[in-house]
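For reference, the structure discussed in these notes is given below.
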Amino acid sequence: MTHLAELPSWAALLTALLLLLGAALALIGSFGLLRFGSFYERIHAPTLGSTLGIGFVLIASMLFFSVLQSRPVLHEVLITALMVVTTPITLMLLARAALYRDRSEGNDDVPPSA
Amino acid sequence: MTRWLPFPLLTATLLAVWLILNESVSPGTIILGSVLSVGAVRVLLALDPPAGRFRRPLVALKLALVVLGDIVRSNNAVARIILHPGTKNRTSGFVRIPLDIRAPYGLAALSCIITATPGTIWVEYDSAKNTVLLHILDLVDEKVWIETIKQRYEKRLIEVFE
Amino acid sequence: MPDALLLLTLVGLPFLGAIAAGLLPTHARNAAAWLAGVIALVGLGLLLAAYPTVAAGGVLRHEVAWMPSLGLNFSLRMDGFAWLFAGMVSGVGVLVIVYARYYMSADDPVPRFFAFLLAFMGSMTGVVIAGNLIQLAFFWELTSLFSFLLIGYWHHLAAARDGARMALTITATGGLCLFAGVLVLGHIVGSYDLDAVLASGETIRAHSLYLPALVLILLGALTKSAQFPFHFWLPHAMAAPTPVSAYLHSATLVKAGVFLMARLWPVMAGTEAWFWIVGTAGIVTLLIGAYIAIFQHDLKGLLAYSTISHLGLITLLLGLNSSLAMVAAIFHIINHATFKASLFMAAGIIDHETGTRDIRRLSGLNRFMPFTARLAMVAAAAMAGVPLLNGFLSKEMFFAEALSAEGPLPLLLDILPVAATVASAFSVAYSLRFIHGTFFGPDPVDLPLTPHEPPTWMRFPVEILVLTCIIVGLLPAATVGPFLDMAAHAALGAATPDYSLAVWHGFNLPLLMSVIALIAGVSLYLLLQRHLIKGVEGAPLIGGLQGQRMFERSMVFLSWRLARTLEGLFGTRRLQPQLRLVVSVAVVAAGWTVYLRGLGPGNLAPAGIDPVLALIWVIGAACALGAATQAKYHRLVALILLGGTGLVTCVTFVWFSAPDLALTQLLVEVVTTILLLLGLRWLPKRLDVPGARPPEVITATRRLRDLGIAITAGVGMAGLAFGVMTRFPPEILAEHFLERAYTEGGGTNVVNVILVDFRGFDTLGEIAVLGAVALTAYALLRRFRPAPDSVDIPEQQRDQSAYDISRPGRREGDTVADWLLIPSVIARLLFPVICLVAVYLLLRGHDLPGGGFAAGLTASIAMILQYMLGGTQWVEARLRVLPLRWMGLGLLLATGTGLAAWAFGYPFLTSYFTYVELPLIGSFPMASALAFDIGVFALVVGATMLMLIALARQSVRGHRAAAPRPSEEPPAPTTAPAATAMGDD
Amino acid sequence: MITELLVWSIFLAQILLVLAMGCAVFRILRGPRAQDRVLGLDTLYVNATMLLLIFGIRTTSTLYFEAALIIALLGFVSTAAIAKFLMRGEVIE
Amino acid sequence: MSGWTNHLMIAPIIIPLVVGAAMMLIDERRRTLKAALGVASTLVLLVLAIVLLRMADGMPLDGGAVTVRVYRLGDWPSLFGIVLVLDRLAALMLLLTAILGCAALVFSLARWQHAGAHFHSLFQFQLMGLNGAFLTGDLFNLFVFFEIMLAASYGLALHGSGLARVRAGLHYLVINLAASLLFLIGVSMIYGVAGTLNMAELANRIAVIASEDRALVEAGAAILGIAFLIKAGMWPLGFWLPNTYATVSAASAAIISILSKVGIYAVLRLWLLMFGESGGASAGFGGVWLLAGGLLTIAFGSVAVLATQSMARLAGASVLVSSGTLLAAVGAGQSAVIGGALFYLTSSVLAIAGFFLLIELVERGREVGADVLAVTREAFGEDEELDEDDEVGVPIPATMAVLGASFIACALLLAGLPPLSGFLAKFAMLGPLLSPGGTGVSTTAWALLAALILSGLATVIAMTRTGIDVFWASPVDTVPRVRVVELAPVILLLTLCVALSVQAGPVMRYMEATARSMQAPHGYIGGVSPTPWPSATVEGGDR
Amino acid sequence: MELILALGIGVLTGSGVWLLLRPRTFQVIVGLSLLSYAVNLFIFSTGGLRTGAAPVLERGAVGHLATHADPVPQALVLTAIVISFATTALFLVVLLAARGLTGTDHVDGREKDR
Ligand code: NA
Ligand code: NA
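So the sequences go chain by chain: A, B, C, D, E and F. In this note's numbering, each number is its position in the first sequence, counted from 1, plus 1. In this note's numbering, each number is its position in the second sequence, counted from 1, plus 465. In this note's numbering, each number is its position in the third sequence, counted from 1, plus 11. In this note's numbering, each number is its position in the fourth sequence, counted from 1, plus 5. In this note's numbering, each number is its position in the fifth sequence, counted from 1, plus 191. In this note's numbering, each number is its position in the sixth sequence, counted from 1, plus 131.
Next comes the structure, spelled out in structure tokens:
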């Protein structure tokens, strides 16, 4: 923990805030998994974590290391980009799979195919 | 240009990825990165990626900002819904949206945008009719949603990718 | 002639002859007989050459080092006693060979017969001239073996097979006991050398291990000599060709037992135990054998029981602990050999000429083969102990001994003369039956062959033997006297008693006993004739005691019932009990050790608890327990929970400063999940119908027990882990690696430097494992046949296809194509990115987390993603991965990197590290370790792809194989068409 | 003071994330259907990524970045595979 | 290190690795080329093994001299690098492996090499794993080589596929996976407490382990031991063994059969190093259990031998008996027995491999289920009395005669009957056990004596039954088609047993030298870690 | 901390052993996977647990156990992970082959006949 003390106050404060925000969003998103009653609602919840939640944490990380190492630390950008690209793949695949299963089981609350 | 260096944008992106990964812009890294990026694209070519183009970077940039804003707003909205489930008379449901965009990369971008934005999700795409079925967490009015998506995202994507 | 050559030839020549005979053509009867005969004659000649020495009381010796450190030399030793036996072996051997030449049919594969016979002869000679006990046991077992082969010569006959098996089982068992016995004897004496043993009588008899040694050795001797209660094998050995019986059961095999008892008599006899065991066995055998013999209808069966009885007589003599009885025993050994061999041959002639040996069918042969009849009569008379024949002499000596015996058991001594007389009477009765039943009475009717005299040369051996009986009987002192004297002196040394071999000892009690026996025997035969004519099988009173049946039953019981029951009781072929045992034994072993030793406190204080990690492990535990409960009915859930557990493990690695592990764990996690998913498709559907089947009591108990084991194992592991974590050795390997990783290994990532340099050999091995496993998986999958109920295309696909087909405007596959459209576009764009990351991980491994393995898995996942979203055919039409080539080149590169060090005179895997100045790029690290890591990378890519693709291909094959499937296992070399395209580039 | 605040917020953020992971695991365990569980796993991956990043900050080490990168880059592959399995009964056709 | 001869030590590992890897690059259809490469490699290994044996035998034995040759991988000091150690024991095992390798590979050329993919590569990896396991002086490296050996053996065991093979292979795999996990637990416990992986160094430290830590080292060793004993097939951990060995294809079985001896080897090596006389407070740890386990294994093996219905299972059960014998001999703990045990090991390895090869040839001409019939017939006494009177012999075709003679040889070897080496092997163990000076025979010795005699008896009964049924009771018109390349290896192995019998003196001298050098591990330890360990640089507490 | 990990290892082992003793091949493969996690963690833990210890050396520097994590167990675990990955894959293939040939997924290749 020794290095943490070397961080200027503003950066420390900002980092702390961003981290808490990010984590809170992730928690809310995950909490949504419990809160919502149907799968199609639940599937929206984790997006909180995988977009802004992780975004805040990544910004915090970039800020923290950039200030600490006095150089731009940017590689977190990659994670952001990858999250944006890969999370939709899973969700899309999953949502359609669920739709198929609902249709084949004859559940009423899903729309018929086009 | 494309003959010798297909997918220049992708190649550049890959080079950027390489540089960011290595956190270095030394000549060695750049040379090696370029070689690797070109090589990686060559491998990709074997997989027959659909042809596509990318124009109007400014539009794209603007779109990115818009999406960013939407994501922030939707985060807020969805978080509220999660935290106060009973406060608002909310209905969720499916919306089928007819699309105009056909470019694969454009469609991909659209799907990413929609799915990455909390509260909306891309469920089923029908290539024959070129429609997409979305699920929307807070579905107030179908029409509004169709308009929003077509105007805010699809139009710009068509500009960029077609 | 030097002793060495003589002795070696005596033993070795028969074996060489056996090999030569074995190589002769199947029907070379004459050549084989000549060969065997010459060899036996050479043996006789050698013995003659040795006679002067042994007659003078000398001993021929030869010793070659064999296992000198264990006190075992190949040592041959021939004194007068051994000479006598060797003489019987060779002498009767010559006669039997001559006889066999005429007895055996021209259609028989006779060379094989003579090969066995010669080998047996060599073994028997080996027994009698063995110079040490181990070697004696060695040849002893060889006699069992070759007698087995001889008895089973006509192996197409069930009787021959059974007889051979029984003989081998009994005598080889005895041999094993003998082996144990001589080991103990050697332990007592301190040497296995026969001279040393024979010189240590006092030590042996006084030793606390005398009794075990005695019992074990006697088990050997009594089984071999067919003594009660091991006698029953001998009659069944009669299924052998008659020459074999004549040889084995008169002069050789069965005599080995009495030979051994006589050989060890000076050092082991003279005790109460000896008297008890040997004497009792002898007297019982004597009586029972003789009694049963009377009632045999088979000529050879009669002779067999007679043999048993006479061996009992000899054994009894040996058991009397009197040196005079010992001499009598030796004398009777010789006499029995002569008359019994001739009788067997005579029986063989009868069988050969009439086609049967059944006394009930035979009759009046005296008219058809008078000369043979005379011979048989004389021999039978000798057997019956008629005066002026050799049998009479030794019988008289036996009677005398029976009368004068001294010992600790008055009762036995009292009945001894009576028993001897009764046995003798029985002997007269069966001898009479042999002669009377065969040669006298009306002409035989309905014989398979018309009887006539045998060929001259077939009769010749019988003539010689009968002549011997007569001459010895008439002039014992002049003929057999010197030999007996020599043998007795050699066996007994200074203790040799004075004895007389005169034909006439005056009117004395033994003579009276003889007369009584003769009269009683004749009377008995006359009395029994009516009973015998009825042809009832088996002897009255003890007919129910069927040795063979008991043996068969006990064999069946032993191997079928008992062994199978025991195997079932103490073993299992099911997996679950085995695993239960493995886990339990491990738990008990570790627990017991810790309990015995006691575990002290560690030298490291545990660190404070981080609530974050604690919570993480709550999650981990939930996942693990969830996986444990869900794996039966909800495989997918278990798989997902497994992923959760893996993720927690990965976070733990991060927590405790192991980024490399975390990285690798994650990657492995992904690949494993895909692998298992690929497998799920082929598993049977398993539906959990709640409450459908309440667990039975047994199942519930079993589950409870397993739960107990699982909890114990868990608690145990936790305890051990805590114990190991809280202690730190005073000196530890890690220190060296940390010190040298950069300065000598050239990398800052110590873990990676260990993997590719300090312990690169482990890594090389590890990739070899991966390679071997991939090859195995691939080979197995090439032969994969799905189960009938999972061969169909999955329900979902059928369903979606049906939907596509049923809707206008849609083509089959549209649903999935639309579904995958966007993911596959993105996945393709991700492909170069993932590849780039793979290269990145590879190149930085030496200094930072990463390395060949992580890189290889990353690259594989990139490929798999394409397979997943594009389909096998689609990908392979565009990008051909040649996994085998990757694997081969990877392994070769890694090995080659290690081998390169040889060129510089360093050991394998010595690393080389330098910074190379490159224009523009600047200083670039060039480590041989990188080349090694690239090898690892290539192999990992190849192996992972080989397995994944091979698995994935099964689906493609499944889709194609709508046609009826071939049977279970196709002929070996077929190559599955789908598989060759991919694997074998 | 500020450092302490940072330390505490890091700690709190970690706790929040672990709770988030707990929610996801609850969904995995509870279901009710396969897709819910997959969703839980996906969420678990995302939360774990963040946890790793925060751990990097806590220990001021960038060495754990790659692990997070790998989750972001490849974590979706297994969830996608399961989704494919649900939809098609087969991962690779 | 200088001179090319030093590299000879690692060649038994490198050659099969390179050949096996190179074969992956060769098209599967070019079998002849692969076979030629495989045979060449195996022959080279044989020559190498002989050379190494001579090298090992040339090493001094007396006065605390170094008795080993060491190969330091990566040129790192043996203090922390991986070392290969060549001593008499390792050389012996290498030679056995090479012999079995040659026999099995040549045998496979006739048909088995065609029964599945990549046989030759897997075979080379098998040899590599075995050789490495025998040579390595590092505990974790031993694990790695165990895994190579197992990985290849899985391949060879499943080679040819088929219902029975896969069924048994599944058990084999699962149990060995469990064993591997135990191996890892054991090794890491030992590392965590003793701080080293080098076997010699471990032997050094075991004596001075703090008493409060000793329990963990011993528990680790116990767990490790169980991993080895599972491979050795000790009762009650070895039920998988007869089944697996019985279903495996002949060529594979012949080479895999030595795996059980690797378990024994590991026990012998580590046990004598760690818990020999220099083991301090731990000396003799677990010896009683080895003895008891060994005896029980002999008992169970004998029961299985008796109960068996097929030749292949009989061979598998014989492996159990042989393992049990060795374990009991090791556990008996008398130094003099080890030499004899090694002689026995050699003899039984050759015999069992020969037997596995032979079985396949013999069974080739028989219909399925014949074995079952034989036992059933015996059980219910249904002896068909056909042409009882025909007392004219049936000529046995040359092939059957050779097979029969080989079968007899195997039976004699397994039962420990003369004239082949099985008898001398038993003598070599029992002789010293019973002859320690004439004060009396220990219970251990009696137990072992009884076990060996009774197991021999069981083998005699079972082999006789089987042999009679196969060679005598069956009609001779179904002569199996056997090729010379299949018969030659069998005869080679059995001839070697004859040679062992004839040359028992020199062989036993080597075995005793081996035993002596293992009994006094100073020569080993001194050779591997010649420099003393530097004083501790880190205090335990300051972390 | 040690206690937490020890308990975690214990739970993984217990769950793994439970599954290992089950009759279905899939249960066994999951059990073996859990067990290999447990064993990997066990090996890892033998080097002692240190949070925040440097896993990587400074360039040119010499490491010490006082400041650095014990790399040996890590290297051993890496090897073990690879090997257990390989064997899990193999086991999967074998269980599939067994399932195909026997028609059942029972570990004995036949349903228990009781
Ligand atoms: Na969304
Ligand atoms: Na076999």
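Think of the CB as a built atom: it goes at the ideal place given N, C-alpha and C, for glycine as much as any other residue.
Discussion item. Does chain B have any CB closer than 8 angstroms to the CB of C:Tyr644?
Written reply: Here residue 644 of chain C refers to the residue found at position 633 of the third sequence. No, C:Tyr644 does not count as interfacial toward chain B.
Worksheet item: Do the CB positions of C:Ile181 and C:Thr253 come within less than 8 angstroms of each other?
Response: Position 170 of the third sequence, counting from 1, holds the residue named residue 181 of chain C. Position 242 of the third sequence, counting from 1, holds the residue named residue 253 of chain C. Going by C-beta atoms, C:Ile181 is not nearer than 8 angstroms to C:Thr253.
Worksheet item: Does the beta-carbon distance from B:Val588 to A:Arg102 come in below 8 angstroms?
Response: On the second sequence, residue 588 of chain B is found 123 positions in, with the first residue counted as 1. On the first sequence, residue 102 of chain A is found 101 positions in, with the first residue counted as 1. Not in contact: B:Val588 and A:Arg102 (Cβ atoms no closer than 8 angstroms).
Worksheet item: Skipping 5 residues on each side, what residues in its chain have a beta carbon closer than 6 angstroms to that of E:Val357?
Response: Position 166 of the fifth sequence holds residue 357 of chain E. Excluding five sequence positions before and after E:Val357, none of the CB atoms of its chain fall closer than 6 angstroms to its own CB.
Worksheet item: How would you call E:Trp303, buried or exposed, if buried means at least 16 neighbouring beta carbons within 10 angstroms?
Response: Reading the fifth sequence from its first residue, position 112 is the one you call residue 303 of chain E. E:Trp303 sits buried, since 16 or more C-beta atoms from the chains shown fall within 10 Å of its C-beta.
Worksheet item: Could one say the Cβ of E:Gly360 lies closer than 8 angstroms to chain F's Cβ atoms, at least one of them?
Response: As a first step, residue 360 of chain E is located in the fifth sequence; it is residue number 169 there, counting from the start. A Cβ of chain F is located within less than 8 angstroms of the beta carbon of E:Gly360.
Worksheet item: Hey, quick one: how far does the beta strand (DSSP E) through E:Val365 stretch, first residue to last?
Response: The count along the fifth sequence starts at 1 and reaches residue 365 of chain E at position 174. Here E:Val365 belongs to no beta strand (DSSP E); instead the alpha helix (DSSP H) covers Leu354 to Ala385.
Worksheet item: Does the beta carbon of F:Phe216 sit closer than 8 angstroms to a beta carbon anywhere in chain E?
Response: As a first step, residue 216 of chain F is located in the sixth sequence; it is residue number 85 there, counting from the start. It does not; no Cβ of chain E falls within 8 angstroms.
Worksheet item: Going along the chain, which residues of the stretch 294-317 of chain E sit with their C-beta nearer than 9 angstroms to a C-beta in chain C?
Response: For the stretch 294-317 of chain E, which is checked against every Cβ of chain C, the residues closer than 9 angstroms are Arg302, Trp303, His305, Ala306, Gly307, Ala308, His309, Phe310, Ser312, Leu313, Phe316 and Gln317.
Worksheet item: CB-CB under 6 angstroms to E:Gly467, same chain, minus the five flanking residues each way: which ones, in chain order?
Response: Indexing the fifth sequence from 1 puts residue 467 of chain E at position 276. Counting only Cβ-Cβ distances below 6 angstroms, and skipping sequence neighbours, we find Pro712.
Worksheet item: For the candidate residues B:Val482, B:Thr580 and B:Leu510, whose alpha-carbon lies nearest to that of A:Ser51?
Response: On the first sequence, position 50 is the one that residue 51 of chain A refers to. Nearest C-alpha to A:Ser51: B:Thr580.
Discussion item. Just to confirm the assignment, what range does the alpha helix (DSSP H) spanning B:Gly558 have?
Written reply: Position 93 of the second sequence holds residue 558 of chain B. From DSSP, B:Gly558 is part of no alpha helix (DSSP H) but of the beta strand (DSSP E) over Gly558 to Pro563.
Item to complete: Please classify C:Asn143: does DSSP put it in a helix, a strand, or coil?
Response: Here the question's residue 143 of chain C lines up with position 132 in the third sequence. C:Asn143 sits in a strand when the DSSP states are folded into three classes.
Practice prompt. At 8 angstroms on the CB atoms, spell out the chain F contacts of C:Thr326, in chain order.
Written response: Residue numbering aside, residue 326 of chain C sits at position 315 when the third sequence is read from its first letter. For C:Thr326, no chain F residue has a Cβ inside 8 angstroms of its Cβ, as the nearest lies near 55 angstroms away.
Item to complete: Measure the alpha-carbon distance for A:Met63 versus C:Gly602 and round it to whole angstroms.
Response: Within the first sequence, numbered from 1, the residue matching residue 63 of chain A stands at position 62. Within the third sequence, numbered from 1, the residue matching residue 602 of chain C stands at position 591. Those two C-alpha atoms are separated by around 50 angstroms.
Worksheet item: Tell me, which residues are paired with C:His73 by DSSP?
Response: Taking the third sequence and counting its residues from 1, one reaches residue 73 of chain C at position 62. In the DSSP assignment, C:His73 forms a beta bridge with C:Leu87.
Worksheet item: Just to confirm, are C:Ser334 and C:Pro508 a CB contact at a threshold of 8 angstroms?
Response: Position 323 of the third sequence, counted from the start, is the residue given in the question as residue 334 of chain C. Position 497 of the third sequence, counted from the start, is the residue given in the question as residue 508 of chain C. In contact: C:Ser334 and C:Pro508 (Cβ atoms closer than 8 angstroms).
Worksheet item: Using a beta-carbon distance cut-off of less than 7 angstroms, what residues from the stretch 35-68 of chain D approach chain F?
Response: Taking 7 angstroms as the Cβ-Cβ cut-off against chain F, the residues of the stretch 35-68 of chain D that qualify are Thr64 and Leu68.
Worksheet item: Should E:Lys452 be labelled buried (16 or more other beta-carbon atoms within 10 Å of its own) or exposed?
Response: Here residue 452 of chain E refers to the residue found at position 261 when the fifth sequence is read from its first residue. With 16 or more Cβ atoms within 10 Å of its Cβ, E:Lys452 is classed as buried.
Worksheet item: Is DSSP giving C:Tyr926 helix, strand or coil here?
Response: As a first step, residue 926 of chain C must be located in the third sequence, where it is residue number 915. DSSP places C:Tyr926 in strand when its eight states are reduced to three.
Fill in: the stretch 122-139 of chain C / the stretch 187-196 of chain C touching (three or more Cβ pairs under 8 angstroms)
No, because fewer than three Cβ pairs between the stretch 122-139 of chain C and the stretch 187-196 of chain C fall closer than 8 angstroms, the two stretches do not touch.
Discussion item. Using a 10 Å radius around the Cβ and a threshold of 16 neighbouring Cβ atoms, would you call C:Ala938 buried or exposed?
Written reply: The residue labelled residue 938 of chain C in the question sits at position 927 within the third sequence. Burial state of C:Ala938 is buried, judged by a 10 Å Cβ sphere holding 16 or more other Cβ atoms.
Discussion item. Give me the chain C residues within the contact set of A:Ile29, using Cβ-Cβ distance strictly less than 7 angstroms, ordered along the chain.
Written reply: Translated into the one-based positions of the first sequence, residue 29 of chain A becomes position 28. For A:Ile29, no chain C residue has a C-beta closer than 7 angstroms to its own C-beta; the minimum C-beta separation is roughly 18 angstroms.
Worksheet item: Per DSSP, E:His713 forms a beta bridge with which residues?
Response: Taking the fifth sequence and counting its residues from 1, the one referred to as residue 713 of chain E is at position 522. Partner(s): none; E:His713 has no beta bridge.
Practice prompt. Quick one: list the residues of chain C neighbouring F:Glu133, beta-carbon separation under 7 angstroms, in chain order.
Written response: As a first step, residue 133 of chain F must be located in the sixth sequence, where it is residue number 2. Within 7 angstroms Cβ-Cβ: Pro617, Ala618, Phe733, Met736 and Thr737.
Item to complete: Kindly list, in the order they appear in chain C, the residues whose Cβ is closer than 8 angstroms to that of B:Ser576.
Response: As a position in the second sequence, residue 576 of chain B is number 111, starting the count at 1. Simply Ile833.
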